[in-house]
């Protein structure tokens, strides 16, 4: 837990807690090599949905793809990300596609869930090492960003909030001694 | 030019202005409430209040466009997708930072009463004598006993929930039933009380959220999204609490889009006769006349109006003869404290989103305790179970990881200190000579900084918190200091302080401008010292007190 997270934990005092408030720090800007609009092409949304679904697959509850994370990511990347992070994402998708070909000789789409999980777990471990050791000026790792967006998109989606988590819009009361047993889902907000 | 005449003019419709309007209209004065921003109607103008998280395209996060448009707001949590309309348009209303100053403003009917933190504490007896005792600033012209009945008066109307804890350092008030601690917090409170033998206290926060129906308003529904506006009227705002009774008198005229540019000062009577405004939309000038004027435009904007008034008599504006107008800027410094993990309680959770946390009242420099700095601090915080944003070390992607993320994690607890800032004459705001706003009006320059006393205090703010958490059995305790920037507390105070002497203060003990006794300043500008408790309740009490005084004085023909 970093300092910012410690702060968001007590940010309710001021009216609301922002999860991932440090997600969208302004980065250095360079000319986009690709048009961010390309992320909105149906096959890209589908690809993003497949990646998100391998990160958070259907279990007892719906997966990230069904929850619409594939379409959510382009909106966030276009509107909220710096040019630098936009480029990281777009280059990263190409990289992921080629890693799939190199590792399994097949496109990501053609991989089984087990293969997708294996591939992404390896990339995730590489991304964690990279993020831990990089300096502030270095660009983010694309998978670090994709994973954050997947988590944000899924758990704030209608399916994620109501099926994977528990969501009550108007609780009406507060109980500070509410029973919990292993397996009970967390509150969405 | 169009001229209009009222009994009273109130400038600003936030927490203070709403109270002024309520009190003056209920006492029979025909009152115009001038608000520089747009109207915000209760319930109908809270578009985000009924939305689900997934109905926000960016799920509440900030876009690059927002970051570009809000160069100040982006510096802290207030910049977000959900209630952007409740924050000032920074391009229209810039200011100059001689030193960094984070000024988070709300220019609309209701002001920041819509977005405030709602913590409601009384200043104590010590707070009102602090300047006298240690020689910083000037002595308050009033004491706790002068304000106590007015605290009670406003608490009963506003609806403050809390416990009567019986602590001299945090005087009890008139409370609705308290909100409650969760099981972990209860145990932590008991352990802290035991360990410090009753010299430190972890208590339930006292908050302007209703725990029972109150004066036609519905009690809090535990949504914890107060700053979007509450359709139930569950927390105190101008819209939920002070505007309705003011309007019901038939004595109120609400005038949005009215930027007060100056007070019209009459040299012969040595009083104000009215105000000049610019319509924010048409840029037309209008004049309103009245017998009394209440400046409640928020601390710095009330002072800005004074600085632009009667400049033909006093170059620095009305109230500047004291040499203190614009000086003694204060806030509460925070972003400093500690957090840790609480073991056990795996079979416990909570239901509902409580809109307040706990409070640890000041314990430093109280009684026999003497530190290497003056004054003190209090803490705000809570215990909760972690949620899905936590990483899980052994797992990274996939179904097992997802299912684990769907369960609550361990309990954790954290506290953030709010410390008193001394009133330094050198900490000042002034009218910038060149820069103008969207309406061609001069803007403020901020030349304000923390000094040695505050920086020393911060060491204790972090250290004491960690010590208390450890004493309470909390594990993995870590301190934090996130480099508070002046203004971030959103508790701007000072710049037109109350005092006993017109040579060293702008206002007297009834909040009257010494040089224009029918002008009252009752918002944060009037504060002589800052205390370490959240200040809004004090503005309410001082406003009601000053309004009562003004009406009595009018009746006696003294104004």
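Chains as they are written, first to last, in this note's numbering: chain L, 1088 to 1276; chain G, 3 to 561. Beta carbons: idealized from backbone N, C-alpha and C, even for Gly. Keep in mind that this is a model prediction, so the values were computed, not measured.
Where residue i meets chain G, residues with beta-carbon distance less than 8 Å
i	result
residue 1219 of chain L	What residue 1219 of chain L touches in chain G: nothing, since even the nearest Cβ is about 12 Å away.
residue 1166 of chain L	59, 60, 65, 66, 67
residue 1245 of chain L	54, 56
residue 1258 of chain L	223, 224, 225, 353, 354, 355
residue 1208 of chain L	398, 399, 400
residue 1239 of chain L	61, 63
residue 1169 of chain L	66
Supposed contact pair residue j and residue i - C-beta distance, whole angstroms, cut 8 Å
i	j	result
residue 360 of chain G	residue 183 of chain G	7 Å
residue 531 of chain G	residue 139 of chain G	6 Å
residue 319 of chain G	residue 498 of chain G	Their Cβ separation, rounded to whole angstroms, is 10 Å, which puts residue 319 of chain G and residue 498 of chain G out of contact at 8 Å.
residue 274 of chain G	residue 295 of chain G	5 Å
residue 228 of chain G	residue 357 of chain G	5 Å
residue 212 of chain G	residue 202 of chain G	Not a contact, Cβ separation roughly 29 Å.
residue 14 of chain G	residue 108 of chain G	Between residue 108 of chain G and residue 14 of chain G the Cβ distance is about 11 Å, and since that is not below 8 Å, they are no contact.
residue 60 of chain G	residue 1166 of chain L	6 Å
7 Å Cβ cut-off: residues of chain L touching residue i
i	result
residue 181 of chain G	1261
Local conformation of residue i per DSSP, three classes
i	result
residue 1174 of chain L	helix
residue 1195 of chain L	helix
residue 22 of chain G	helix
residue 282 of chain G	coil
residue 206 of chain G	strand
residue 1111 of chain L	Note that residue 1111 of chain L scores 39 on pLDDT, short of 50, meaning its location in the model is unreliable; the coordinates nonetheless yield the value given after this. Coil.
residue 197 of chain G	helix
residue 216 of chain G	strand
residue 1161 of chain L	helix
residue 520 of chain G	strand
residue 465 of chain G	helix
residue 100 of chain G	coil
residue 181 of chain G	coil
residue 152 of chain G	helix
residue 1119 of chain L	Interpretation of residue 1119 of chain L is limited by its pLDDT of 45, a score under 50 that renders its predicted location unreliable; no figure is taken from the coordinates.
residue 558 of chain G	coil
residue 224 of chain G	coil
residue 188 of chain G	helix
residue 563 of chain G	The structure shown does not extend to residue 563 of chain G, since chain G is modelled only from 3 to 561, so the question has no answer here.
residue 444 of chain G	strand
residue 336 of chain G	coil
residue 57 of chain G	helix
residue 296 of chain G	strand
residue 135 of chain G	helix
residue 456 of chain G	helix
residue 490 of chain G	coil
residue 163 of chain G	strand
residue 1 of chain G	Since the first residue of chain G shown is 3 and the last is 561, residue 1 of chain G is not available in this structure.
residue 75 of chain G	helix
residue 125 of chain G	coil
residue 144 of chain G	coil
residue 547 of chain G	helix
residue 88 of chain G	helix
Outcome for residue i when other beta-carbon atoms lying within 10 angstroms are tallied against a minimum of 16
i	result
residue 1095 of chain L	Low local confidence applies: a pLDDT of 42 at residue 1095 of chain L is under 50, so the model's placement there is unreliable, and no value is given.
residue 1228 of chain L	buried
residue 214 of chain G	exposed
residue 429 of chain G	buried
residue 326 of chain G	buried
residue 526 of chain G	buried
residue 9 of chain G	buried
residue 1239 of chain L	buried
residue 196 of chain G	exposed
Chain-ordered neighbours of residue i on chain G, where CB pairs are closer than 9 Å
i	result
residue 1188 of chain L	Simply none; closest approach about 20 Å.
Closer than 8 Å: residue i CB and nearest the ligand FMN heavy atom
i	result
residue 150 of chain G	With respect to the ligand FMN, the structure offers nothing, as it holds no ligand at all.
Neighbour list for residue i in chain L, Cβ cutoff strictly below 8 Å
i	result
residue 184 of chain G	1263, 1264
residue 349 of chain G	1266, 1267, 1268
residue 408 of chain G	1148, 1251, 1252, 1272, 1273
residue 193 of chain G	Residues of chain L passing the Cβ test: none, with the nearest at roughly 17 Å.
Listed by chain order, chain L residues near residue i by CB distance under 9 Å
i	result
residue 472 of chain G	Near residue 472 of chain G there are no residues of chain L at all, since even the closest Cβ is about 16 Å away, more than 9 Å.
residue 493 of chain G	Those do not exist, as residue 493 of chain G stays about 11 Å from chain L at its closest Cβ, beyond 9 Å.
Neighbouring residues, chain G, relative to residue i (Cβ below 7 Å)
i	result
residue 1146 of chain L	401, 404, 405
Every unbroken beta strand (DSSP E) inside the stretch 240–279 of chain G [3 residues or more]: Qualifying beta strand (DSSP E) stretches, in chain order: 254–257, 260–268.
In chain order, each beta strand (DSSP E) run of at least 3 residues that lies wholly inside the stretch 356–427 of chain G: Counting whole runs of 3 or more residues, the stretch 356–427 of chain G contains the beta strand (DSSP E) stretches 360–362, 379–387, 413–422.
Continuous beta strand (DSSP E) assignments of at least 3 residues falling wholly in the stretch 1210–1272 of chain L: Qualifying beta strand (DSSP E) stretches, in chain order: 1262–1266.
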